[in-house]
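First the structure, in the form of structure tokens, and then the observations on it.
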Amino acid sequence: MPVLSVENLRVGFNYAEGYGNAVDDVSFSLAANECLGIVGESGCGKSVTALSILRLVQEPPGKIAGGRIFFEGEDILAMDHESLRKIRGGKIAMIFQDPMTALNPVFTIGSQIAEAVAIHTNLSRAQTRERAVEMLQKVGMPDPEQKANEYPHQLSGGMRQRAMIAMALANGPSVLIADEPTTALDVTIQAQILDLIEGLKAKSDMSVILITHDLGVVAKYAQKVAVMYAGKIVEYCSVSSIFANPMHPYTVGLMESIPAMRNIKGGGRLREIPGIVPPLYAMPAGCRFNPRCPRVMDICKLKEPPLVTTSADHLAACHLHPEIKSAG
Ligand code: SF4
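Here it is, written out as structure tokens:
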């Protein structure tokens, strides 16, 4: 029984240039204590998928246009405001790319964490403050008592990210959504933060959705992966399967752009995927990756490939695979 399952999610955006689906028929599930990596370039729909899980997509210009998101047997998209409030920051928590925009600059980090606890518990003021310091200690903040009294601008980028993780985990969520949690940090701090999330996940039986543009991060921290391109999942399988046998040319392109992978496979120049992700309102006909695909065929420009099972627990959406041709 998955902790969370997303079924046929569709999220549209209305811009002056036209309407388009940032997330289009996306389905995946998350098991207890599992880490699912959602990977793809900017503009592929990863963050919109994450925001949709907590119904945080800004309306307008966005709108969740279809699908269902089940958490503990209930459809989040059909919940009333009160039920949703209990889940947000309680059972499902989120950490963002840039802690400076997520933390309030005019309150100390201790008071912000205490406030997050107070919303979901009946603890006294002193107890919520105690919990805040305890959480700062858990995430490896040096001198947590003192740091609880400091404002976000007084902390380094790595410390701010730790403070945000402390706030997200303060209510013991079952699911943590980490949206590019280390993009703004240098590599040493990146590894520390990701190791920290992994350690806390193992200790608390939490499940994690890790959103990243970096397949190297997925290789190290996730058990399952969904590769997104232009609003669609184009490949979905276990991490071991994707690295052993990538089925979609976009996934192969992402792999070839990881320095460590090039080294593993004997060095050589890093490749880039030519072109950019198309805008939402101007998706190409057929396979959305066709203008950038090195293996494009005539059918790719006419017909959109469905996401089908290509081998045990490995799904891909590409006309190169005979299973897709036979699926019609
Ligand atoms: Fe490339 Fe065609 Fe596969 Fe799309 S369907 S990824 S264009 S080969």
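Per numbering that gives the first Met the number 0, residue 0 is the first one in the sequence shown, and the count goes up by one each step. Note that the Cβ used here is the ideal one computed from N, Cα and C, for glycine as well.
Return the chain-ordered list of same chain residues with a C-beta closer than 6 Å to the C-beta of residue i, the five sequence neighbours on each side being excluded.
i    : result
L253 : L214
T308 : L314
Q160 : P98 and I192
G17  : Y280
K200 : V207
Could you check what DSSP says for residue i in three-state terms: helix, strand or coil?
i    : result
T100 : helix
F242 : helix
N289 : helix
H80  : helix
R130 : helix
G36  : strand
P152 : Just to set this straight, residue 152 is His in the shown sequence, not Pro. Here H152 sits in helix by DSSP.
S256 : coil
L194 : The residue you asked about is not Leu; residue 194 is Asp in the sequence shown. Correct three-state label for D194: helix.
G313 : One point to set straight first is that residue 313 is His, not Gly, in the sequence displayed. Strand.
V251 : helix
I232 : strand
G327 : In this prediction, G327 has a pLDDT of 47, which is less than 50 and means its spatial position is unreliable; what the coordinates show is noted afterwards. Coil, per DSSP.
G215 : helix
R161 : helix
In terms of DSSP beta bridges, what is residue i paired with?
i    : result
F69  : S4 and D74
V47  : Looking at the DSSP assignment, V47 forms no beta bridge with any residue, so it has no partner.
R9   : D23 and G65
M227 : I232
Here's a check: name, in chain order, each residue in its chain whose Cβ is nearer than 8 Å to the Cβ of residue i, leaving out the five neighbours to either side.
i    : result
D194 : none
N7   : D24, V25, S26, G65, G66 and R67
L122 : V116 and R130
R294 : P248 and L319
Could you give the C-beta distance for residue i and residue j, rounded to a whole number, given that I count them as a contact under 8 Å?
i    : j    : result
H212 : V38  : 7 Å
T250 : E234 : 5 Å
A30  : P1   : 5 Å
G157 : Q191 : 7 Å
G19  : Y280 : 4 Å
C286 : P304 : 6 Å
Using 8 Å as the limit for Cβ to Cβ distance, is residue i near chain E?
i    : result
K200 : This model lacks chain E altogether, as it is built from one protein chain only.
Does the distance from the C-beta atom of residue i to that of residue j stay below 8 Å?
i    : j    : result
F69  : L154 : no
M246 : H320 : yes
I388 : A162 : Limits of the chain in this structure are 0 at one end and 327 at the other, which puts residue 388 out of reach.
I91  : I63  : no
M93  : D185 : no
A165 : L135 : yes
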